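Enquirer:
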């Protein structure tokens, strides 16, 4: 979505920095209310239609997920979990719309080595700029939610853009527009939190004591949030991370190891130069050659 | 050993065969290409290095394949040289007198065979680091991961790939440092480079730095190419 770089100001840019934004912009968010979702996949269809994606025809293995995972052509995917609630003995069908969470502290952006291939706009949306993407897959390792997918067709990374092209012209994301039960809302993050608050109050009054908003602080909050009826255990929703953070391995890889590594390499070169200045070249002397001559008989 | 010495020109001792040198330079050139392409993705300030390969997209697919060439090349070097790099008692004496080594006072050092303890350190460091780089590199390479899954039925988890990234970065830094030591030693000790360019060194070079090896070579030549007898040659 490179045309948007002019529509939005950047706050973060992979493998580089950006000047401080000129004006403050309200952060946006998508709120997915899982308690209202009926699993119809209209959002999945709308996403494919708006973004002109075409998934390959897959294989039915007797589960509802279709396709079976996120792919370069499936940026959002309904994930279904069947469960007996151990407290109420009720059967629960948990349906979660999976996709990029648009972290305020994006692990993908931190891991990306290609300047400007991943950006974050001032409104919070994290976007992949395909023109700059080199397809290395570092974003896959950086992401705490296992979202980006690398296309084998063009070797670029793909994920949900939060319909940044629609947002740029004042529209909500395609998935939110298509949702028939208003399970998906879009607006400023402040408004979405307020809306979530009302929903959570309602859910609590109806027996879901642990209902809550999933806006994980480990990644400084997300611009895609969930209302969960069981906010005490997000992982029951098809493996939604309980407390997502950028992996310490990624922090080590992209943090200390870079600076320590370059320093160690620089010091090694400096040590060589200094050693040579101090000791001078280690040269073979005339006596060495004469001794060798004597040993070899002078005709070797 | 060549027989072309005449007055004024020092005797020359053969050190590396043509195939060993070709093997070495394939490995060495691929190492340099790997370092430049790898560093371009290592730190944003080094990203412009990717232009040497025609951009980041080319680095992404070329780097792993150059890595395969390098790994095969190094395997060749390993098979050629590992026997000569096995540790022996003089290595410990050499290490204990590292001060003299660094000062270039070789008269205080024991007589050295084909390789000294420093060269062996470089060799065995690479023996450890190259497989580490290769395996961790597979974990960072989309094509490599597909190959591993199809060949061994093993799918690396995201956390394993993250670990691979850390291992690859740290091992790469160590390798570059070892390489700097390797290249610096070849520059500092004058007369060394011809071993890898012409395949031979001067007799004086061999006398000064690898006297035991020189004696063995002379002994082998005198006994018609057979391995030298175990003799403690007198000074």
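Residue numbers (this note's numbering), protein chains in the order written: chain U, 90 to 389; chain X, 3 to 237.
Built from N, CA and C at the ideal position, the CB exists for glycine as well.
Because the structure is a prediction, the values reported are computed rather than measured.
1. Counting C-beta neighbours from all protein chains within 10 Å, is the total for residue 96 of chain X 16 or more, i.e. buried, or is it exposed?
2. For residue 105 of chain U, decide whether its Cβ has a neighbour in chain X, counting only Cβ atoms nearer than 8 Å.
3. Thinking just about the alpha-carbon of each residue, which of U/165, U/211, U/356 is nearest to the one in residue 140 of chain U?
4. So is residue 152 of chain X buried or exposed if we call it buried at 16+ other beta carbons inside 10 Å?
5. Provide the residue span of the beta strand (DSSP E) that contains residue 118 of chain U, from first to last.
6. When you compare the CB of residue 184 of chain X with every CB in chain U, is at least one pair closer than 8 Å?
7. Look at the alpha carbon of residue 204 of chain X and the alpha carbon of residue 203 of chain U, and state the distance between them as a whole number of angstroms.
8. Should residue 265 of chain U be labelled buried (16 or more other beta-carbon atoms within 10 Å of its own) or exposed?
9. Assuming residue 111 of chain X and residue 103 of chain X form a contact by the criterion Cβ under 8 Å, report the distance between their Cβ atoms to the nearest whole angstrom.
10. Check whether chain U comes within 8 Å of residue 21 of chain X, counting only Cβ atoms and requiring the distance to be less than that.
11. Going by alpha carbons, who is nearest to residue 240 of chain U out of U/250, U/225, U/232, U/230?
12. Report yes or no: do the segment 84 to 96 of chain X and the segment 17 to 34 of chain X share at least 3 C-beta pairs separated by less than 8 Å?
13. Closest to residue 205 of chain U by CA distance: which of U/212, U/221, U/197, U/155 is it?
14. By how many angstroms is the C-alpha of residue 138 of chain X removed from the C-alpha of residue 169 of chain X?
15. Does the CB of residue 378 of chain U have a neighbour CB from chain X at under 8 Å?
16. What is the DSSP secondary structure of residue 25 of chain X, reduced to helix, strand or coil?
17. Taking a contact to mean a Cβ-Cβ separation below 8 Å, would you say residue 29 of chain X touches residue 76 of chain X in this structure?
18. Flag residue 305 of chain U as yes if its beta-carbon sits less than 8 Å from any beta-carbon of chain X, otherwise no.
19. Which residues in chain X have a C-beta closer than 8 Å to the C-beta of residue 363 of chain U? List them in chain order.
20. Could you work out which residue in X/182, X/180, X/206 is closest to residue 192 of chain X when comparing CA atoms only?
21. Under 8 Å by Cβ, that's how I've got residue 120 of chain U and residue 209 of chain U pegged, so tell me the actual separation to the nearest angstrom.
22. Note down the Cα distance separating residue 114 of chain X from residue 341 of chain U, rounded to an integer number of angstroms.
23. Can you list, in chain order, the residues of its chain whose CB lies under 7 Å from that of residue 214 of chain X, leaving out five sequence neighbours each side?
24. I want to verify the contact list: residues of chain X whose CB lies under 7 Å from the CB of residue 236 of chain U, in sequence order.
25. What is the DSSP secondary structure of residue 117 of chain X, counted as helix, strand or coil?
26. Quick one: what's got a C-beta closer than 8 Å to residue 331 of chain U's C-beta in the same chain, skipping five residues either side?
27. Residue 314 of chain U bridges to which residues according to DSSP?
28. What are the boundary residues of the beta strand (DSSP E) that residue 167 of chain U is part of?
29. Say whether chain U places a C-beta atom closer than 8 Å to the C-beta of residue 199 of chain X.
30. Can you find a CB in chain X that lies within less than 8 Å of the CB of residue 143 of chain U?
31. What are the partner residues of residue 210 of chain U, as DSSP defines its beta bridges?
32. Using the three-state DSSP reduction, which class does residue 111 of chain X fall into: helix, strand or coil?
Expert: Result, derived from the coordinates:
1. buried
2. yes
3. U/165
4. exposed
5. 117 to 122
6. no
7. 49 Å
8. buried
9. 7 Å
10. no
11. U/225
12. no
13. U/221
14. 6 Å
15. yes
16. helix
17. yes
18. no
19. None at all; the shortest Cβ gap to chain X is about 11 Å.
20. X/206
21. Contact flag wrong, Cβ pair sits at about 19 Å.
22. 42 Å
23. 113, 114, 115
24. Residues of chain X passing the Cβ test: none, with the nearest at roughly 11 Å.
25. coil
26. 322, 323, 324
27. U/120
28. 165 to 173
29. no
30. no
31. U/99
32. coil
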